[in-house]
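Following: one structure in structure tokens, then a few remarks.
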Amino acid sequence: MTQSDDGTTDGASIEYCEPSFVVKKFPIQISGADFTFQVLKSEGSLLIWVGAEGEGKLVDLSLGIPTNYDQMPAVTSVFGDFTGHGSSNLAKRLSRLLKKPVYMSCNVAFDRLILPALEKNLIELIKSNPDCF
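Per this note's numbering, the very first residue in the sequence shown carries number 21; after that it's consecutive.
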């Protein structure tokens, strides 16, 4: 590629491509409360955001990554509440299930009933919409 005196370049071209990210939104209801799963799928990983309907907060983020050294994926909290394990546990289990890195952000107050119900709904969504995950 060469540049002429007037500032233009010869031989340069722009090649457009299809976006490699897919974004899906799945509203669900648990115990009368409205929640949303938002999924950002890229070629090699997945980001799943769980939160109350209408809230757009990113309070915490965990990452689960499959390894060649153990059946269970490695997991770490990227930011947020390091004492709560909702996002970390989900990231680890989903990474194992999907066999890819999973970023997980849980932005809801968990109790013993909500977390298992959210996970159950998410697993059902994965099984019924595999192209989104």
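Every residue gets a Cβ at the ideal spot worked out from N, C-alpha and C, and that includes glycine.
What you are looking at is a predicted structure, and each value in this text was computed from that prediction instead of being measured.
Supposed close pair Leu78, Ser125 - CB separation, criterion 8 Å: About 6 Å separates the CB atoms of Leu78 and Ser125; that is less than 8 Å, so the two are in contact.
CA-to-CA distance, Ile85 to Ser51, given in whole angstroms: Distance from the CA of Ser51 to the CA of Ile85, rounded to the nearest whole angstrom, comes to 32 Å.
Under 7 Å between C-beta atoms of Asp131 and Gly100: Taking a C-beta distance under 7 Å as the contact criterion, Asp131 and Gly100 do not qualify as a contact pair.
Runs of alpha helix (DSSP H) wholly within the segment 52-125 (minimum 4 residues, chain order): Runs found: 106-118.
C-alpha gap between Ile146 and Phe153, whole angstroms: Distance between the alpha carbons of Ile146 and Phe153 is about 6 Å.
Simplified DSSP state of Pro47, which is helix, strand or coil: Assigned with DSSP and collapsed to three states, Pro47 falls in strand.
C-beta contact flag for Val122 and Leu114 at 7 Å: With a cutoff of 7 Å on beta-carbon distance, Val122 and Leu114 are scored as near each other.
Thr96 beta carbon less than 7 Å from that of Leu110: No, Cβ-Cβ distance for Leu110 and Thr96 is not below 7 Å.
Nearest-angstrom beta carbon gap, Thr56 and Glu35 [assumed within contact, 8 Å]: That belief does not hold up - the Cβ atoms of Glu35 and Thr56 are roughly 35 Å apart, past 8 Å.
C-alpha distance - Trp69 paired with Ser33, whole-angstrom precision: The alpha-carbon separation between Trp69 and Ser33 amounts to approximately 37 Å.
Host alpha helix (DSSP H) of Pro136 (start-end): Looking at the DSSP string, the run of the alpha helix (DSSP H) that includes Pro136 is Ile134 to Ser148.
Burial state of Pro93 (16 or more Cβ within 10 Å): Label assigned to Pro93: buried.
C-alpha gap between Ala137 and Ser62, whole angstroms: Ala137 and Ser62 have their C-alpha atoms spaced approximately 26 Å apart.
Other residues of its chain near Glu75: CB distance less than 7 Å, five sequence neighbours each side excluded: Counting only Cβ-Cβ distances below 7 Å, and skipping sequence neighbours, we find Asn127.
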